[in-house]
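Novice: Below are the structure tokens for one structure; questions will follow.
In the working numbering, the protein residues as written are 9 to 131.
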């Protein structure tokens, strides 16, 4: 999971960020429009409503140590789901390398859409 922030606000909700989630097994990616100032609880609800409700519960979720993922909230969510939370190590690209590359490509695409005034949430 990672955020793309600093996007041009768009849509009736004025989304200005996107939460990108990559499934390492299937190599599928979900881009969820959100707001840069969303709280950890908003992010947990976004994850619940858009990922868990449609894809099911993962056995393991790997996260970097982003401050937007407060340990307490995610730990409680993972405990409820019976999922194991693992953190990637700093400066160790083998852990999340392919996901990071996919996220960087999607960030580039989103920024190009926004540069031309397109509504990224509709694509």
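Built from N, CA and C at the ideal position, the CB exists for glycine as well.
(1) Taking the DSSP output, what are the residues bridged to residue 39?
(2) Taking its Cβ as the centre, do 16 or more other Cβ atoms sit within 10 Å of residue 65, making it buried, or is it exposed?
(3) To the nearest angstrom, report how far apart residue 34 and residue 21 are at their CA atoms.
(4) Considering only the alpha carbon of each residue, which of 82, 44, 47 and 29 lies closest to residue 58?
(5) Give the secondary structure of residue 10 by DSSP, where H, G and I count as helix, E and B as strand, and everything else as coil.
(6) Rounded to the nearest angstrom, what separates residue 62 and residue 37 at their Cα positions?
(7) By DSSP's criteria, residue 5 is part of a beta bridge. Which residues make up the other side?
(8) Can you name the start and end residues of the alpha helix (DSSP H) that residue 51 belongs to?
(9) Just to confirm, are residue 91 and residue 70 a CB contact at a threshold of 8 Å?
(10) Is it buried or exposed, residue 17, if we count other Cβ atoms within 10 angstroms and call 16 or more buried?
(11) On the CB-based measure, 16 or more other CB atoms within 10 Å of its CB, does residue 82 come out buried or exposed?
(12) Figure out for me which residue from 107, 109, 108 and 60 has the closest Cα to the Cα of residue 85.
Specialist: Taking the coordinates as given:
(1) Counted from its first residue, the chain shown places residue 39 at position 31. In the DSSP output, where bridge partners are listed per residue, residue 39 has 28.
(2) What you label residue 65 is simply residue 57 of the chain shown in a count that begins at 1. Classification for residue 65: exposed.
(3) For the purposes of this step, residue 34 is identified with residue 26 of the chain shown, where counting begins at 1. For the purposes of this step, residue 21 is identified with residue 13 of the chain shown, where counting begins at 1. Their Cα atoms are separated by approximately 31 Å.
(4) In the chain shown, residue 58 corresponds to position 50, counting from 1. Ranking 82, 44, 47 and 29 by Cα distance to residue 58 puts 29 first.
(5) Taking the chain shown and counting its residues from 1, the one referred to as residue 10 is at position 2. Looking at residue 10 - three-state DSSP - the assignment turns out to be strand.
(6) Sequence index remark: in the chain shown, residue 62 carries index 54 (1-based). Sequence index remark: in the chain shown, residue 37 carries index 29 (1-based). Taking the straight line from one Cα to the other gives about 13 Å.
(7) Past the edges of the chain, shown from 9 to 131, lies residue 5, and the structure says nothing about it.
(8) Within the chain shown, numbered from 1, the residue matching residue 51 stands at position 43. Where residue 51 is concerned, the enclosing alpha helix (DSSP H) stretches over 48-55.
(9) Position 83 of the chain shown, counting from 1, holds the residue named residue 91. Position 62 of the chain shown, counting from 1, holds the residue named residue 70. No, the pair does not count as a contact, with Cβ atoms beyond the cut-off.
(10) Start at 1 with the first residue of the chain shown, and residue 17 comes out as number 9. Residue 17 comes out exposed.
(11) For the purposes of this step, residue 82 is taken as the residue at position 74 of the chain shown. So residue 82 counts as buried.
(12) Translated into the one-based positions of the chain shown, residue 85 becomes position 77. Cα-wise, what sits closest to residue 85 is 60.
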